[in-house]
Amino acid sequence: MSYREERLLGTGVKEKFSHHVGVDFKSYSKDDLKKLWRDTLENGMHGICFSMYEDGQEPGDTITEEQVERRIKILKPYSKWVRSFSCIEGNEHIPRIAKKHGMKTMVGAWLGDDFEKNEEEIAGLIQLAKEGCVDIAAVGNEVLYRKELTEQQLLDYIYRVKEALPDVDVGYVDAYYEFSVRPAITEACDVILSNCYPYWEGCPQEYSLNHMQQMYHQAKDAGQGKKVIITETGWPSEGGSLGGAIAGDENAMKYFINSQVWSEVDNVEMFYFSSFDESWKVGDEGDVGAYWGLWDKHESLKF
Numbered sequence: 114m115s116y117r118e119e120r121l122l123g124t125g126v127k128e129k130f131s132h133h134v135g136v137d138f139k140s141y142s143k144d145d146l147k148k149l150w151r152d153t154l155e156n157g158m159h160g161i162c163f164s165m166y167e168d169g170q171e172p173g174d175t176i177t178e179e180q181v182e183r184r185i186k187i188l189k190p191y192s193k194w195v196r197s198f199s200c201i202e203g204n205e206h207i208p209r210i211a212k213k214h215g216m217k218t219m220v221g222a223w224l225g226d227d228f229e230k231n232e233e234e235i236a237g238l239i240q241l242a243k244e245g246c247v248d249i250a251a252v253g254n255e256v257l258y259r260k261e262l263t264e265q266q267l268l269d270y271i272y273r274v275k276e277a278l279p280d281v282d283v284g285y286v287d288a289y290y291e292f293s294v295r296p297a298i299t300e301a302c303d304v305i306l307s308n309c310y311p312y313w314e315g316c317p318q319e320y321s322l323n324h325m326q327q328m329y330h331q332a333k334d335a336g337q338g339k340k341v342i343i344t345e346t347g348w349p350s351e352g353g354s355l356g357g358a359i360a361g362d363e364n365a366m367k368y369f370i371n372s373q374v375w376s377e378v379d380n381v382e383m384f385y386f387s388s389f390d391e392s393w394k395v396g397d398e399g400d401v402g403a404y405w406g407l408w409d410k411h412e413s414l415k416f
């Protein structure tokens, strides 16, 4: 039994956990739920997605080492791994500082339709790996979903990175279903990096764990024996609803608890999205966009 599993047993949550439904929360008051959320967080996560930007900042701004260091220090007690999304504009500090603090790293090169920037990202990823700062290299994030590159263009980037970094696991991050319909991408990846969001598919919270499990197993089937890592999953603590998926603090706490217990029970490697709330995301993702963090925008734990 792992240390994390022993800690979970100590909270009593595993005894109330059913595999496809999750924890039976009926007997929990809101205060009980907050305590269980905090206990679950303190048991530790496999991985966390790094939120880069404070209020007034957005992609394109260059972020200082000091800001990254402060945030890595906050996350380190709670997570073994950290995931970054870019290798330029200060994002290159994330894996270097994470390694300095003893964390493992999944490092992303952000790809899009700006080919000049793509070259900077790929060069940055290769450089960081050669410094020993990359445990898993993620070449692109949802770029096929956004239709900003063709499959062949993405494959060219993936194979370039694999050739440059023969000793590093290389993958591509996208929605779980993309790996079922793009066998050439799945074949190119050493590891399948799958984003799984029941919220964005309008799934009610009470069915969300089962839905995420189905997403994971679809990616696993596509991978044909390759390791599958859930690179993003989460639930917004404020904002509106999408179909039956309702944003809010209780649903966000329940989703986090269920995902972490399942991750431990079934030994699923998962990066939770996200660490800190980021105000800039409201424009891209509607009113829920700014509220996916476990910490608020002031870097305080939410619950």
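Numbering (this note's numbering), first residue to last: 114 to 416. From the three backbone atoms N, C-alpha and C, an ideal C-beta is built for every residue, glycine too. On a predicted model such as this, the values are computed, not experimentally measured, just so you know.
I need the straight-line Cα distance from residue i to residue j, nearest angstrom please.
i: residue 168; j: residue 353; result: 21 Å
i: residue 288; j: residue 172; result: 21 Å
i: residue 367; j: residue 318; result: 8 Å
i: residue 157; j: residue 401; result: 25 Å
i: residue 362; j: residue 375; result: 20 Å
i: residue 334; j: residue 303; result: 15 Å
i: residue 116; j: residue 249; result: In this prediction, residue 116 scores a pLDDT of 47, lower than 50, which makes its location untrustworthy; the coordinate-derived value is nonetheless stated afterwards. Answer to the nearest angstrom: the Cα atoms are 24 Å apart.
i: residue 281; j: residue 338; result: 18 Å
i: residue 331; j: residue 190; result: 32 Å
i: residue 163; j: residue 208; result: 10 Å
i: residue 201; j: residue 132; result: 41 Å
i: residue 323; j: residue 315; result: 13 Å
i: residue 285; j: residue 143; result: 39 Å
i: residue 226; j: residue 242; result: 24 Å
i: residue 383; j: residue 221; result: 16 Å
i: residue 380; j: residue 407; result: 22 Å
i: residue 128; j: residue 413; result: 30 Å
i: residue 145; j: residue 261; result: 45 Å
i: residue 159; j: residue 216; result: 11 Å
i: residue 199; j: residue 174; result: 12 Å
i: residue 336; j: residue 344; result: 15 Å
i: residue 259; j: residue 268; result: 16 Å
i: residue 141; j: residue 170; result: 38 Å
i: residue 126; j: residue 149; result: 8 Å
i: residue 151; j: residue 399; result: 28 Å
i: residue 377; j: residue 130; result: 12 Å
Skipping 5 residues on each side, what residues in its chain have a beta carbon closer than 7 Å to that of residue i?
i: residue 392; result: 168, 403, 410
i: residue 274; result: 235, 238, 239, 250, 252, 283
i: residue 264; result: 257, 295, 297, 298
i: residue 278; result: 239, 242, 250
i: residue 165; result: 176, 204
i: residue 306; result: 251, 284, 285, 286, 342, 344
Could you round the C-beta distance between residue i and residue j to whole angstroms and report it? I think they count as a contact, below 8 Å.
i: residue 312; j: residue 355; result: 7 Å
i: residue 308; j: residue 255; result: 7 Å
i: residue 178; j: residue 206; result: 5 Å
i: residue 342; j: residue 153; result: That pair is no contact at about 20 Å.
i: residue 257; j: residue 291; result: 6 Å
i: residue 350; j: residue 360; result: 7 Å
i: residue 325; j: residue 372; result: 7 Å
i: residue 224; j: residue 388; result: Not a contact, Cβ separation roughly 22 Å.
Going by beta carbon distance, what residues of the same chain come within less than 6 Å of residue i, once the five residues before and after it are set aside?
i: residue 147; result: 416
i: residue 185; result: 210, 211, 214
i: residue 365; result: 348, 350
i: residue 394; result: 402, 403
i: residue 182; result: 210
i: residue 135; result: 322, 371
Quick one: what's residue i bridged to in DSSP?
i: residue 342; result: 306
i: residue 285; result: 305
i: residue 239; result: The partner list for residue 239 (beta bridge, DSSP) is empty, contrary to what the question assumes.
i: residue 251; result: 221, 284
i: residue 196; result: 162, 219
i: residue 408; result: 389, 414
i: residue 383; result: 343
i: residue 190; result: According to DSSP, residue 190 bridges with nothing at all.
Cutting at 8 Å between CB atoms, please list the residues of its own chain near residue i, excluding the five before and the five after it.
i: residue 272; result: 301
i: residue 218; result: 194, 195, 196, 197, 207, 208, 211, 212, 246, 247, 248, 249
i: residue 396; result: 402
For the ligand HEM, is there any heavy atom lying closer than 7 Å to the beta carbon of residue i?
i: residue 204; result: Absence of the ligand HEM is noted for the structure shown, with no ligands found whatsoever.
Checklist entry - Does the stretch 179-197 come within contact of the stretch 226-233, defined as at least 3 CB pairs closer than 8 Å? => result no
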